[in-house]
Amino acid sequence: MTRVQLSRLPGERVLITGGGVEDQLDLAALPAYVRAREDDPAVAPRWVWDDTARWYPPLLAAGVRVARCHDLRLCRRVLRRAPAVDGRLLDGDESAHWDRLGPAAAPAHPTLFAADETSEHLRADLEDARQLAAVAASTEATRLGLLLAAESAGALAAAEMTYAGVPWRTELHERLLTDLLGPRPLRDALPPVLDELVAEVRRTFGAPGLNPESRTDLLDALGRAGVDVPDIRASTLRQVDHPAIEPLLRYKKLAHLFQTNGWTWLDEWVSGDRFRPSYQPAGSSTGRWSSNGGGALSFPVQVRSAAVADEGWVLVVADVAQLEPRVLAGMSRDSALARAAQGADLYQGMVADGAVATRQDAKLGLLGAMYGATSGESGRMVAGLTRRYPAAFALVDEAARAGERGQVVRTLLGRGSPSLGGSWDEEPDGPPSDLQALDRRRRAYGRFTRNFVVQGTGAEWALCWIADLRNRLWRLGGTGAIDRRPHLVLFLHDEVVVHAPAALADDVAAELEQAAAGAGRLVFRDFAVDFPLSISVVSSYGDAGKDKRKAGT
DNA sequence: GTGGTTTGCGCC
DNA sequence: AAAGGGCGCAAACCAC
0 MTRVQLSRLP GERVLITGGG VEDQLDLAAL PAYVRAREDD PAVAPRWVWD DTARWYPPLL
60 AAGVRVARCH DLRLCRRVLR RAPAVDGRLL DGDESAHWDR LGPAAAPAHP TLFAADETSE
120 HLRADLEDAR QLAAVAASTE ATRLGLLLAA ESAGALAAAE MTYAGVPWRT ELHERLLTDL
180 LGPRPLRDAL PPVLDELVAE VRRTFGAPGL NPESRTDLLD ALGRAGVDVP DIRASTLRQV
240 DHPAIEPLLR YKKLAHLFQT NGWTWLDEWV SGDRFRPSYQ PAGSSTGRWS SNGGGALSFP
300 VQVRSAAVAD EGWVLVVADV AQLEPRVLAG MSRDSALARA AQGADLYQGM VADGAVATRQ
360 DAKLGLLGAM YGATSGESGR MVAGLTRRYP AAFALVDEAA RAGERGQVVR TLLGRGSPSL
420 GGSWDEEPDG PPSDLQALDR RRRAYGRFTR NFVVQGTGAE WALCWIADLR NRLWRLGGTG
480 AIDRRPHLVL FLHDEVVVHA PAALADDVAA ELEQAAAGAG RLVFRDFAVD FPLSISVVSS
540 YGDAGKDKRK AGT
């Protein structure tokens, strides 16, 4: 595979390097250049650039789609933390700038201040050579190479999803809001239903000026009513018997909708009947994505019914049942757990295996093992399951112990956990309470590393899944721009949504399955683990997974 | 006033 | 029902 590095030069120029050849062109001429090379698979290269979020959106806007890339910023971060990489191989010209590089700002929110001039014009070819050398010299070259390719493909998918957007019916969303909250209020005012609820809460508490958002106000009012609670969480309040609680909880729920996914959210994030969130690949240290605008990874079930496919199109929604337990089975090569994972419901498989009495016990025990539960029913369940699935439970326990010793752990493909900085092994010289604090910190980091290995490898499986999927969808589509073919519009850790012409729904479903199976083989090689999908073909996202929910837990 | 932290709730 | 990991976001809160 040819690699072509793109670097920005001063004066809106682009430096093109690769295969010992150098060339320059105007930035404005880049889309045509890239399109020409992409059109011929024989010469389509892997494009190497500092940041996909900086290079790809203008290409997409010009109607140019790219098959492969190498995102130097993301990959450098992976290599910097990877235990199997000799960090000295990453040092060299401009390397301090590369280390400091942050993500490019989303196009919708350009930075107010110009980025520093040098970091805009870094030499991609020099950095690419360092990264290739670092991978080649590693004992984990194959796995790291896969991780870097997946990470980069994910960055392409993220840019494409932001470009295409989730089809969104503004009028449906507005109707939903008006039904629950009343008409849209004037600036700074509360919608009528919330207004009325505030009045009711104040009346019932006999507290005229009470602010239901204020912890202090609520604790005072509850105190006067003879109720003593440690906090004002909904789950705590639900156990309190007082006539103000019911309207208060109703207020909290509706106020949250109003504040986070109300009219203001619509104004800011939905335009032209598309919701365009901004993703940040590997925004979490485990490699999971985060979202720094629009809240794509956390928009509530409540408003999903406003995501509706275009006329003649459908949404194909697929999610992996119990991704992380399956990943744990694969990475630990625990054949008993892998056997339980055959079929649609891993927890039920554990029951059939005779390991536990009920599905709920299986779930509690496995989640407890992955999250580090020590007490309660979950903790007790963990002990029993350790005997049935020794390899799986040993893997997470070893990760936890490594964390407690202050050591770095790694995912299956080699992503390293962040280290704790220098103060870890300092001798505590304070009173005994400091020792206790240190111990708590140690345990907390152990729970983090315990979860890191599973969550991080799960993220790697998911990256491989969407990386393969986006190319499969592209091949399905015939001709035309990316949003005129079947294309990804949403990715939520273990779930994807594809927007596709209705006639292609079955083909999309088949590609989803094949990509999932392929991801399992890529990550776990010869150790077979099932990754069954539940797939819904729907017009409205709100209708997805209904059967599953009905049957679930 | 501003900026950073805490709290509570949404998602996986 | 809560417990354990990772996030984002909005408002309250607190220090400056």
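Residue 549 in numbering that gives the first Met the number 0 sits at position 550 of the first sequence; the count goes up by one each step and never skips.
Backbone N, C-alpha and C fix where the C-beta goes; we use that ideal spot for every residue, glycine too.
Remember, it's a predicted structure, so these values are computed and weren't measured experimentally.
| said: Within 8 angstroms, do at least three Cβ pairs link the stretch 268-288 to the stretch 390-407? | reply: no
| task | Pair every Cβ in the stretch 146-163 with every Cβ in the stretch 237-249, then say whether three or more of these pairs are closer than 8 angstroms. | result | no
| Close Cβ partners of Gln4 (< 7 angstroms) along its chain, the five nearest in sequence each way excluded | In the first sequence, the residue the question calls residue 4 occupies position 5. Excluding positions up to five away in sequence, the list reads Thr16, Gly17, Val47, Ala123, Asp124 and Asp127.
| task | Compare the Cα-Cα distances from Pro166 to each of Val488, Ala43 and Asp506 and report the closest residue. | result | Mapped onto the first sequence, residue 166 falls at position 167. The shortest C-alpha separation from Pro166 is found at Val488.
| field | Assigned exposure category for Leu26 - 16 Cβ within 10 Å defines buried | value | For the purposes of this step, residue 26 is identified with residue 27 of the first sequence, where counting begins at 1. Leu26 is exposed by the Cβ-count criterion.
| message | Quick check on the DSSP output: the beta strand (DSSP E) that includes Phe572 runs from which residue to which? | response | Not covered by the structure: residue 572. The range shown for the chain is 0 to 552.
| task | To the nearest angstrom, report how far apart Leu185 and Arg7 are at their CA atoms. | result | The count along the first sequence starts at 1 and reaches residue 185 at position 186. The count along the first sequence starts at 1 and reaches residue 7 at position 8. Cα to Cα, the separation comes out at about 46 angstroms.
| task | Look up Gly17 in the DSSP assignment and give the residues it is bridged to. | result | As a working note, residue 17 is residue 18 in the first sequence. In the DSSP output, where bridge partners are listed per residue, Gly17 has Val20.
| message | On the CB-based measure, 16 or more other CB atoms within 10 Å of its CB, does Ser137 come out buried or exposed? | response | Working through the first sequence from its first residue, we reach residue 137 at position 138. Counting Cβ neighbours within 10 Å, Ser137 comes out buried, since at least 16 surround it.
| query | Which first and last residues belong to the beta strand (DSSP E) in which Pro500 is found? | reply | Your numbering for residue 500 matches position 501 in the first sequence. Residues Glu494 to Pro500.
| Is Phe298 helix, strand or coil by DSSP? | Mapped onto the first sequence, residue 298 falls at position 299. It is coil, neither helix nor strand.
| Nearest to His255 (by Cα), restricted to the options Ala224, Val269, Thr285 and Glu212 | Within the first sequence, numbered from 1, the residue matching residue 255 stands at position 256. Considering only alpha carbons, the answer is Glu212.
| query | For Asp542, which of Glu93, Thr259 and Arg303 has the nearest alpha-carbon? | reply | Position 543 of the first sequence, counted from the first residue, corresponds to residue 542. Of the candidates Glu93, Thr259 and Arg303, the one whose C-alpha sits nearest the C-alpha of Asp542 is Arg303.
| message | Using a 10 Å radius around the Cβ and a threshold of 16 neighbouring Cβ atoms, would you call Glu310 buried or exposed? | response | To locate residue 310, count along the first sequence from 1; it is residue 311. Under this definition Glu310 is an exposed residue.
| task | Give the range of the beta strand (DSSP E) segment to which Trp312 is assigned. | result | Here residue 312 corresponds to residue number 313 of the first sequence, with the count starting at 1. It spans Trp312 to Val319 - the beta strand (DSSP E) in which Trp312 sits, taken as one unbroken run.
| query | Are the beta-carbon atoms of Val319 and Thr169 separated by less than 8 angstroms? | reply | Residue 319 sits at position 320 when you count from the first residue of the first sequence. Residue 169 sits at position 170 when you count from the first residue of the first sequence. In this structure, Thr169 does not lie closer than 8 angstroms to Val319 by Cβ.
| Arg202 versus Leu503: straight-line alpha-carbon distance, rounded | Position 203 of the first sequence holds residue 202. Position 504 of the first sequence holds residue 503. Distance between the alpha carbons of Arg202 and Leu503 is about 57 angstroms.
| said: Alpha carbons only, please: which of Pro57, Tyr55 and Val63 is nearest the one belonging to Ala35? | reply: The residue labelled residue 35 in the question sits at position 36 within the first sequence. Of Pro57, Tyr55 and Val63, the residue nearest in Cα terms is Val63.
| query | Touching or not, the stretch 458-475 and the stretch 516-523, by the rule of three or more beta carbon pairs under 8 angstroms? | reply | yes
| Taking C-beta to C-beta, are Ala154 and Leu236 nearer than 8 angstroms? | Against the first sequence, residue 154 aligns to sequence position 155. Against the first sequence, residue 236 aligns to sequence position 237. Cβ atoms of Ala154 and Leu236: not closer than 8 angstroms.
| DSSP state of Gly353, grouped into three classes? | Taking the first sequence and counting its residues from 1, the one referred to as residue 353 is at position 354. Reduced to three states, the DSSP call for Gly353 is coil.
| task | Going by CA-CA distance only, name the one from Ala157, Asp98 and Leu189 that's closest to Asn291. | result | As a working mapping, residue 291 is identified with position 292 in the first sequence. Ranking the options by Cα distance to Asn291, first place goes to Ala157.
| message | Quick check: the Cα distance between Trp464 and Leu419, rounded to an integer number of angstroms? | response | Walking along the first sequence from the start, residue 464 turns up at place 465. Walking along the first sequence from the start, residue 419 turns up at place 420. So the alpha carbons of these two residues sit roughly 31 angstroms apart.
| said: In the DSSP output, which residue or residues are listed as bridge partners for Leu489? | reply: To locate residue 489, count along the first sequence from 1; it is residue 490. Paired residue(s): Val496.
| Mapping DSSP to helix, strand and coil, what is Leu111? | Taking the first sequence and counting its residues from 1, one reaches residue 111 at position 112. Because Leu111 sits at a pLDDT of 42, beneath the cut-off of 50, its placement in the model cannot be relied upon, and the following sentence gives the value as read from the coordinates. Looking at Leu111 - three-state DSSP - the assignment turns out to be coil, as it is neither helix nor strand.
| Where Ala372 falls: helix, strand or coil (DSSP) | Counted from its first residue, the first sequence places residue 372 at position 373. Ala372 falls in the coil class under three-state DSSP.
| said: With a threshold of 8 angstroms, are at least 3 pairs of Cβ atoms found where one atom belongs to the stretch 314-328 and the other to the stretch 493-513? | reply: yes
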